[in-house]
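The next block holds one structure in the form of structure tokens; read it before the comments.
Protein chains: 2
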Amino acid sequence: MKTKTKSEETRERILSAAIELFRRRGFESATMREIAGGAGVATGAAYYYFDSKDAIVLAFYEHAACELEPLLEDALAGAKSLEARIRALLEVKLKYFEPNRALLGALSGHTDPAHPLSPFSAQTREIRERDMKFFERALEDSRVRISPDLQGVLPRILWMYQMGLILFWIYDRSASQKRTHALVDQSVGIVVGLIKLSGFPLLRPVRRRVVTLLETVSGEA
Amino acid sequence: MKTKTKSEETRERILSAAIELFRRRGFESATMREIAGGAGVATGAAYYYFDSKDAIVLAFYEHAACELEPLLEDALAGAKSLEARIRALLEVKLKYFEPNRALLGALSGHTDPAHPLSPFSAQTREIRERDMKFFERALEDSRVRISPDLQGVLPRILWMYQMGLILFWIYDRSASQKRTHALVDQSVGIVVGLIKLSGFPLLRPVRRRVVTLLETVSGEA
DNA sequence: CTCGATTTTTGAACGCATTCAACTTTCTCT
DNA sequence: AGAGAAAGTTGAATGCGTTCAAAAATCGAG
Chain A
1 MKTKTKSEET
11 RERILSAAIE
21 LFRRRGFESA
31 TMREIAGGAG
41 VATGAAYYYF
51 DSKDAIVLAF
61 YEHAACELEP
71 LLEDALAGAK
81 SLEARIRALL
91 EVKLKYFEPN
101 RALLGALSGH
111 TDPAHPLSPF
121 SAQTREIRER
131 DMKFFERALE
141 DSRVRISPDL
151 QGVLPRILWM
161 YQMGLILFWI
171 YDRSASQKRT
181 HALVDQSVGI
191 VVGLIKLSGF
201 PLLRPVRRRV
211 VTLLETVSGE
221 A
Chain B
1001 MKTKTKSEET
1011 RERILSAAIE
1021 LFRRRGFESA
1031 TMREIAGGAG
1041 VATGAAYYYF
1051 DSKDAIVLAF
1061 YEHAACELEP
1071 LLEDALAGAK
1081 SLEARIRALL
1091 EVKLKYFEPN
1101 RALLGALSGH
1111 TDPAHPLSPF
1121 SAQTREIRER
1131 DMKFFERALE
1141 DSRVRISPDL
1151 QGVLPRILWM
1161 YQMGLILFWI
1171 YDRSASQKRT
1181 HALVDQSVGI
1191 VVGLIKLSGF
1201 PLLRPVRRRV
1211 VTLLETVSGE
1221 A
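From first to last, the protein sequence lines stand for chains A and B. For the first sequence, the working numbering gives the first residue as 1, with consecutive numbering after it. For the second sequence, the working numbering gives the first residue as 1001, with consecutive numbering after it.
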């Protein structure tokens, strides 16, 4: 498997040259020519390995998702309550992406689910689903009782909640992104509070309607 | 004021040539050269009147917001209950933008609030605030009692809710966007239900936390 | 070892949004 | 009416992402 290795090595060289440039000069002003140059290959080579400039960011994100997995495991293992678990998952992610925070902005622009690089696209399904699994587990192993009809949709809701937080974080210009951290602090409590509340009889009709709504939204999207 | 008029006329000619092309061939594949050509001016002229290709779409949106205002007035006038009012506002907007639905996708990509064309930018503040006013009025004149602490934030929440729906609608590939219409149908009821519910004593602590949270988010953003 | 097939690499196009310096028209003030 | 300023117009040039045809390197089978 020497070919595979060598090819892989080139790919990685391009990828890290790109990330380094993105970090140093920003996504927009880094050019593909420079990226290729930095990796010691011709411009076209970058396109042999990556479909587009954006796709390089996605590759970075995929790699990150892999590296994150064990860290997320630890986060779940180290926290007991549902609130602590969700908080831990979020903290790990934000901390991990901190050095490349702005870079994620290059991905967040793709709101069209048909676009390959959208967080909702078929191409990114695997990352997305693996990520949701962690929320699923955070819910499962916690002592909070989830009504059965909610169990199917709640991981997805939490994942969307997370995406919203990350989006806010990417463009948070406050010092050290303290607004995002305040937002996380406050919102996790509310979210968990609502989850607990969702079992109350008074809210049952609302809950039912929310569930069918979410099924409408997710259905065959 | 002949200059003003003539200049305005050229601007409008470029704008309508652009919209017509966008509708016929899609935003991406319509080129600035063609737009200018269609309006009978040189390429550079388009840039004299508009900062960018995207900015043309924003100009269209601004124009639309003006045209929409009386229609929204009528919508409010014709509906009594809060639910009917919100529903009416949404229906008017979706119906109005129907012919150019896909075009709005060109705006939705700008998630960075610092970008001039973002729905959250300083440049679009006026449109945004005028739009929120309608939700404010839908709330004011309705018989639903809103607790005072919510009054400041609720119009904004409803506006965000609307933006979410529109985003979903833009990329809704179901026939006649029936999924979006189902989503509107179901969600308006839930949203109004939650608003009504928000007055219940049981939910008071959650409500308070939500309000302070939203103040954190909006604060000086 | 050799020769065709496959993978990888190259750098020069290509198409497009955007910029710009020069040119022309229109306005303004006396 | 005329001169200087401002507004409007031009189309070629720039820079960038991306494509592509052709060259080079590598591989796999006989």
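No residue lacks a Cβ here, since even glycine has one placed at the ideal position from N, Cα and C.
- ALA36 (chain A) and LEU58 (chain A) have their C-alpha atoms roughly 17 Å apart.
- Contact check for LEU165 (chain A) against LEU90 (chain A) passes: the beta carbons are separated by less than 8 Å.
- Only residues of its own chain outside the window of five on either side were considered, and among them ARG11 and ILE14 have a CB closer than 6 Å to the CB of TYR49 (chain A), listed in chain order.
- For TYR161 (chain A), not one C-beta of chain B is nearer than 8 Å to its own C-beta.
- Pairwise C-beta distances place the stretch 75-84 of chain A out of contact with the stretch 161-177 of chain A, as fewer than three of them are shorter than 8 Å.
- Ranked by how close their Cα comes to the Cα of LYS1095 (chain B), the residues B:ALA1122, B:ALA1042, B:ALA1064 and B:SER1187 have B:ALA1064 in first place.
- A contact is defined here as three or more CB-CB pairs under 8 Å, and the stretch 149-166 of chain A meets this definition with respect to the stretch 126-139 of chain A.
- Contact note: ASP51 (chain A) does not reach chain B at a C-beta cutoff of 8 Å; the least C-beta distance is about 16 Å.
- ILE1190 (chain B) reaches chain A at VAL206, ARG209, VAL210 and LEU213, counting residues in chain order whose Cβ is nearer than 8 Å.
- B:SER1187 is the residue among B:LEU1104, B:VAL1206, B:SER1187 and B:LEU1214 whose C-alpha sits nearest the C-alpha of THR212 (chain A).
- Around the C-beta of LYS1178 (chain B), fewer than 16 other C-beta atoms lie within 10 Å, and the residue is accordingly described as exposed.
- At a cut-off of 8 Å between C-beta atoms, ALA1182 (chain B) counts as an interface residue with respect to chain A.
- Closer than 8 Å to the CB of TYR61 (chain A) there is not a single CB belonging to chain B.
- Linking VAL206 (chain A) to ARG125 (chain A) through their CA atoms gives a straight-line distance of about 30 Å.
- For PRO1119 (chain B), no CB of chain A lies under 8 Å from its own CB, so it is not counted at the interface with that chain.
- Our two residues, ARG209 (chain A) and ILE1019 (chain B), have alpha carbons roughly 39 Å apart in a direct line.
- Near chain A, meaning a CB-to-CB distance below 9 Å, no residue of the stretch 1064-1085 of chain B qualifies.
- Here THR43 (chain A) has MET32, ARG33 and ALA36 as same chain residues with Cβ atoms under 7 Å from its own Cβ, once five neighbours each way along the sequence are excluded.
- Counting only unbroken stretches of 4 or more residues, the alpha helix (DSSP H) elements lying wholly within the stretch 1144-1178 of chain B are 1148-1151 and 1154-1170, in sequence order.
- The beta carbons of GLY38 (chain A) and ALA55 (chain A) sit no closer together than 8 Å.
- Among the residues of chain A, those whose CB is under 7 Å from the CB of GLY1193 (chain B) are VAL206, following chain order.
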